[in-house]
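J.:
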Amino acid sequence: MDLNGDGHVDVISGRYSPGVVTFFAGSTSGFKKGAPIEEIGVDHNEMRTWMACANFADLDGDGDLDMVVGNVSGDVFYNLNTGDAKKPKFGLRRPLMLSTGKPVKVNHKSDPLPVDWDGDGVLDLVVGDEWAGVTFFRGTGQRDGDGLPTFEPGVPIVPGKEKNLVPGFRVRVETADWNNDGKLDLLVGNCEQVGDKLIGNVYVFLRK
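By the count of the working numbering, the sequence shown reaches residue 493 at its end, each step adding exactly one.
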């Protein structure tokens, strides 16, 4: 992704502890040294969250990228970009909300991906969690009092550990039209313990 709009691909990485998000700016000669993404009014050394997983989307429709962050507790937070597309600055983390008034949340270690999963022109959330589940939160098309999108309660699109469809843990999700049929498919990466070793898996779920 190109976070700062300079035409170079950048790398974003969440940190285990504290739960900051690190930005590696791309350049013609490679990637620059990583630096924590600053969040206005936040001392990163005092952050009380672990295992940040970040993605980006224009949540408030102002033309720049906002940050969507998961954590060890299964929460889904956002940081609005208070700068612009070329010089992003991010505000405090706040929870994304359901239409019911409750916060968006999964079981454990959330990996939120903002994407129009159902193709209706409204931003949705596809969220992986620790025990191999993937949950779909459909965007309502409505905004809350702060101008942020709201979402319907989540429904599983990949069952969790009890179904053993994706054995393992620490799920990460991405979408792409894998088979070029015009529909988004789901890619799921995770870890699995085999004997005394941890191995990485990638599963592809083709859209029907």
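Ideal Cβ placement from N, Cα and C applies to all residues, glycine included. Treat the numbers as computed from the prediction; the structure is a model and nothing was measured.
(1) Do the stretch 307 to 320 and the stretch 354 to 364 touch if we need at least three Cβ pairs shorter than 8 angstroms?
(2) At which residue ranges does the stretch 419 to 478 contain complete beta strand (DSSP E) runs of 3 or more residues, listed in the order of the chain?
(3) According to DSSP, is Ser395 part of a helix, a strand, or is it coil?
(4) For the beta strand (DSSP E) that contains Gly275, what are its first and last residues?
(5) Grab me the residues of Lys318's own chain with a C-beta within less than 8 angstroms of its C-beta, minus the 5 sequence neighbours each way, in chain order.
(6) Which residue or residues does DSSP assign as beta-bridge partners of Asp360?
(7) Once DSSP output is grouped into helix, strand and coil, what is the label at Asn289?
T.: On the basis of the data shown:
(1) The stretch 307 to 320 is not in contact with the stretch 354 to 364.
(2) You should have 419 to 422, 424 to 428, 434 to 436, 440 to 443 and 454 to 461.
(3) In this structure, Ser395 counts as coil in the three-state DSSP scheme.
(4) Beyond the ends of the chain as shown, which are 286 and 493, falls residue 275; an answer cannot be given.
(5) Counting only Cβ-Cβ distances below 8 angstroms, and skipping sequence neighbours, we find Phe309.
(6) According to DSSP, Asp360 bridges with Lys390.
(7) It is coil, neither helix nor strand.
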